[in-house]
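J.:
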Amino acid sequence: MSGATIEPKGAQAPFTTSGTQADLSEVRDWIALLKPRVMSLVVFSGLVGLLVAPVSIPPALGVAAILCIAIAAGAAGAINMWYDRDIDALMRRTARRPIPAGRIEPNAALGFGITLGVASVILMGLATNWVAAGWLAVSILFYVFIYTMWLKRRTSQNIVIGGAAGAFPPIIGWAAATGDVTLVPWLLFAIIFAWTPPHFWALSLWAHGDYARAGVPMLPVVAGAKETRRQILYYTIILAPLGLSPWMVGFSSPAYAVVAAVLGGMFLVHAVRTVREPQDETGRSLVNDAAARRTFSFSLLYLFLLLGALAVDKLVFG
């Protein structure tokens, strides 16, 4: 008894707390690999495709389909982070991501992404149908091989062509419910496809320094800020009427058309303000890209509200 050591009360608490915090931090890193912000938009657009389809499926299968879309988006994000770890380390807004920061090994991230991608496609096929699973596979492969590995580092049109990867979810959701793909999901694809350039180019205007350091040929780096501003306006002019296309083909009610027209008009106002923002002779902003930042923020709101309006329209008016 005389040689026994009595532990002070609560002596283990700091170790336990530290261990728990480390575990939670590691979990957060693995979640960060999935690009949850990007995933939220992908999941929402896939859900809209599922909800507006003319055939309903059991709720459990619907949840399974959306889960597969989420897992697939996360898988593509993880593989993207694995491949882009070198340029991510050079950009301020990405340098603290788990791989360039050294918190997750690159090969572990690659294995994680591949496993999730394969699992999502197989589960989608078993839970719904293999048409939806096929389009899900196409979306993953397009994002990884066409956008990430081919276009992103080679052309200023990377976002234009690569935007197709983010436009597939409504097609996948629709196919999960119906087993086929008709005109309407392709219209939703076209809306997201046209939305992607002004959305990302607005971001790239105030993040051009990062892209230049990393050698990524985003439009402001290659063509300059002035041309990028014009391209934002051009694509917004294309997008505004595209937002009305579900009503034009008789798929939605006039109520949706009003919402789409108002949102399209508001997006055009933001685009015009971005073009007219005080700038130097090269197009660089004199006010810290304030208009471009607002355009970027509104572009997110635009897509959520537009797709949400279509889903509500089908729920209310059938």
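If you're matching positions, the sequence shown starts at 0 in numbering that gives the first Met the number 0 and goes up one per residue.
Beta carbons are placed, not taken as given, at the ideal position from N, Cα and C, and that holds for glycine.
Small disclaimer: the values here were computed from a predicted structure and weren't measured.
Could you give the C-beta distance for Y255 and W246, rounded to a whole number, given that I count them as a contact under 8 Å?
T.: Here residue 255 refers to the residue found at position 256 of the sequence shown. Here residue 246 refers to the residue found at position 247 of the sequence shown. About 6 Å; that satisfies the 8 Å criterion.
J.: Suppose contacts are defined by Cβ-Cβ distances below 8 Å. Is I56 in contact with S119 by that definition?
T.: Within the sequence shown, the letter at position 57 stands for residue 56. Within the sequence shown, the letter at position 120 stands for residue 119. Taking 8 Å as the cut-off, the beta carbon of I56 is found no closer than this to the beta carbon of S119.
J.: Three-state secondary structure (DSSP) at A284?
T.: If you number the sequence shown from 1, residue 284 lands on position 285. Sequence inspection shows Ser at residue 284; the Ala mentioned does not correspond to that position. S284 falls in the strand class under three-state DSSP.
J.: Under the three-state reduction of DSSP, which class applies to Q156: helix, strand or coil?
T.: Position 157 of the sequence shown holds residue 156. Coil.
J.: Near G76, what residues of its chain come up, given a Cβ to Cβ distance below 8 Å and the 5 sequence neighbours on each side ignored?
T.: As a working note, residue 76 is residue 77 in the sequence shown. Only L32, L33, K34, V37, M38 and G112 meet the Cβ criterion.
J.: Can you give me the Cβ contacts of L150 inside the same chain, cut-off strictly under 8 Å, excluding the 5 residues immediately before and after it?
T.: Position 151 of the sequence shown holds residue 150. Counting only Cβ-Cβ distances below 8 Å, and skipping sequence neighbours, we find Q156, N157, I160 and G161.
J.: Thinking just about the alpha-carbon of each residue, which of D87, T127, A100 and A72 is nearest to the one in T114?
T.: Here residue 114 is taken as the residue at index 115 of the sequence shown, counted from 1. When each option's Cα is compared against that of T114, the closest is A72.
J.: Considering just the uninterrupted stretch of the alpha helix (DSSP H) at T195, what are its terminal residues?
T.: Locating residue 195 in the sequence shown gives position 196, counting from the first residue. Counting along the chain, the unbroken alpha helix (DSSP H) around T195 starts and ends at L182 to W205.
J.: Can you grab the Cα-Cα spacing for the pair V51 / Y301, in whole Å?
T.: Here residue 51 corresponds to residue number 52 of the sequence shown, with the count starting at 1. Here residue 301 corresponds to residue number 302 of the sequence shown, with the count starting at 1. Rounded to the nearest angstrom, the two C-alpha atoms are 18 Å apart.
J.: Per DSSP, Q278 forms a beta bridge with which residues?
T.: Taking the first residue of the sequence shown as position 1, residue 278 is located at position 279. Beta-bridge pairing links Q278 to S284.
J.: Starting from the C-beta of F295, find all residues in its chain whose C-beta is less than 6 Å away, skip the five residues before and the five after it, and write them out in chain order.
T.: Locating residue 295 in the sequence shown gives position 296, counting from the first residue. Closer than 6 Å at the Cβ level, and outside the excluded window around F295, lie A201 and L202.
J.: Report the CB separation of L46 from G178 in whole angstroms; it is logged as a contact under 8 Å.
T.: What you label residue 46 is simply residue 47 of the sequence shown in a count that begins at 1. What you label residue 178 is simply residue 179 of the sequence shown in a count that begins at 1. Going by Cβ atoms, the distance from L46 to G178 rounds to 18 Å, so no, they are not a contact pair.
J.: How big is the Cα-Cα spacing for E226 and L285?
T.: Residue numbering aside, residue 226 sits at position 227 when the sequence shown is read from its first letter. Residue numbering aside, residue 285 sits at position 286 when the sequence shown is read from its first letter. Distance between the alpha carbons of E226 and L285: 16 Å.
J.: Excluding the 5 residues flanking A308 on each side, which residues of the same chain have their C-beta closer than 6 Å to its C-beta?
T.: In the sequence shown, residue 308 corresponds to position 309, counting from 1. Annotation for A308: Y255 and V258 place their beta carbon closer than 6 Å to its own, counting only its chain and skipping 5 residues before and after.
J.: Can you check whether the CB of A64 is closer than 8 Å to the CB of T154?
T.: In the sequence shown, residue 154 corresponds to position 155, counting from 1. In the sequence shown, residue 64 corresponds to position 65, counting from 1. Contact flag unset, no.
J.: A224 and R283 look like a contact to me (Cβ under 8 Å); what is the Cβ gap, rounded to whole Å?
T.: The residue given as residue 224 occupies position 225 in the sequence shown. The residue given as residue 283 occupies position 284 in the sequence shown. Rounded, the Cβ-Cβ distance is 5 Å, consistent with contact.
J.: So, using beta-carbon positions, are A239 and F266 closer together than 8 Å?
T.: Residue mapping note: residue 239 aligns to position 240 of the sequence shown, counting from 1. Residue mapping note: residue 266 aligns to position 267 of the sequence shown, counting from 1. Closer than 8 Å, so yes.
J.: Would you identify the three-state DSSP class for S1, choosing helix, strand or coil?
T.: What you label residue 1 is simply residue 2 of the sequence shown in a count that begins at 1. Because S1 sits at a pLDDT of 38, beneath the cut-off of 50, its placement in the model cannot be relied upon, and the following sentence gives the value as read from the coordinates. S1 carries a coil assignment under DSSP once its states are collapsed to helix, strand and coil.
J.: So the candidates are A211, V268, G214 and I145; which of them puts its Cα closest to the Cα of I236?
T.: For the purposes of this step, residue 236 is identified with residue 237 of the sequence shown, where counting begins at 1. Residue V268 is the option with its Cα nearest to I236.
J.: On the DSSP letters alone, give me the boundaries of the alpha helix (DSSP H) that D312 sits inside.
T.: Along the sequence shown, read from residue 1 onward, the residue named residue 312 stands at position 313. Looking at the DSSP string, the run of the alpha helix (DSSP H) that includes D312 is A289 to F316.
J.: For the alpha helix (DSSP H) containing K151, name the first residue and the last one.
T.: Within the sequence shown, numbered from 1, the residue matching residue 151 stands at position 152. Neither: K151 is in no alpha helix (DSSP H) and is coded neither H nor E.
J.: Rounding to the nearest angstrom, what Cα-Cα distance links L304 and Y142 in this structure?
T.: In the sequence shown, the residue the question calls residue 304 occupies position 305. In the sequence shown, the residue the question calls residue 142 occupies position 143. When rounded, the distance between both Cα atoms is 25 Å.
J.: Taking Y82 as the reference, give the member of L182, G110 and S24 with the closest Cα.
T.: Translated into the one-based positions of the sequence shown, residue 82 becomes position 83. It is G110.
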